[in-house]
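A.B. asks: Let me give you the structure first, and then I'll get to my questions.
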Amino acid sequence: MEPKPPDAYARTSNDLVFGLLALGLGVVAYWQGHSAAGVGIGLCGLAAVLNAARLLGKEGAEHERQRQTQAEHLLRARLTWARVEQAAIVGSVQRRGVITAHELTMDVIPWHAAGPTARVSPRVTISIGTAGHVVPGAYLGVLSDPEEPWAVPQCVLTLDGAQLSL
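Per this note's numbering, residue 60 is the first one in the sequence shown, and the count goes up by one each step.
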């Protein structure tokens, strides 16, 4: 369970690619005798590369902070049951024009040995056959941190008693 890099990583890497291409294009234009255009394009490329380098440092630190937080959660995590309080379909996954899974957001309350903990709202992608069993009142097997509101759903317990992996 690796935390996702910040969404801005894609923008930063695009800035870096643009900057490097602009620097190269500026050098080529300068060598071809277009000194003003070459210098202008090269300076734009240099600015983009410097901006991307600055942003990568910030985003790398944020990603490392997320990794450390998740490592702490995993050290304290316990496998337990959680009661589904609310569930809603917020999106669908399509493959070749056919819906194969639903993206659900739900409110769950994990139960530990000391009793229930704080409400958690994970967002999970569940196959279309399993999604119908995630209803209020159902139970999920979750990896949960008893000290903080954090849970990763593992399986759903159907009303018939079957366990379906997520």
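Here a beta-carbon is modelled for each residue, glycine too, at the ideal position from N, C-alpha and C. Keep in mind that this is a model prediction, so the values were computed, not measured.
Which complete beta strand (DSSP E) runs does the stretch 130–163 hold, if anything under 3 residues is left out?
C.D. replies: 137–154
A.B. asks: Leaving out the 5 sequence neighbours to the left and right, which residues in its chain are closer than 8 Å to residue 132 when beta-carbon positions are compared?
C.D. replies: Leaving aside the five residues that flank residue 132 on each side, the residues in its chain whose CB is nearer than 8 Å to its CB run, in chain order, 204, 207 and 209.
A.B. asks: Any beta-carbon of chain C closer than 7 Å to the one on residue 79?
C.D. replies: Among the protein chains of the structure shown there is no chain C, as only one such chain exists.
A.B. asks: Residue 214 and residue 225: beta carbons closer than 7 Å?
C.D. replies: yes
A.B. asks: Is it the case that the Cβ atoms of residue 163 and residue 185 are separated by a distance below 7 Å?
C.D. replies: Closer than 7 Å, so yes.
A.B. asks: Out of 80, 198 and 222, which one is the CA nearest neighbour of residue 140?
C.D. replies: Looking from the CA of residue 140, the closest CA among 80, 198 and 222 belongs to 198.
A.B. asks: Is the beta carbon of residue 146 closer than 7 Å to that of residue 152?
C.D. replies: Not closer than 7 Å, so no.
A.B. asks: For residue 73 and residue 179, I'd like the C-alpha separation in whole angstroms.
C.D. replies: Going from the Cα of residue 73 to the Cα of residue 179 covers about 35 Å.
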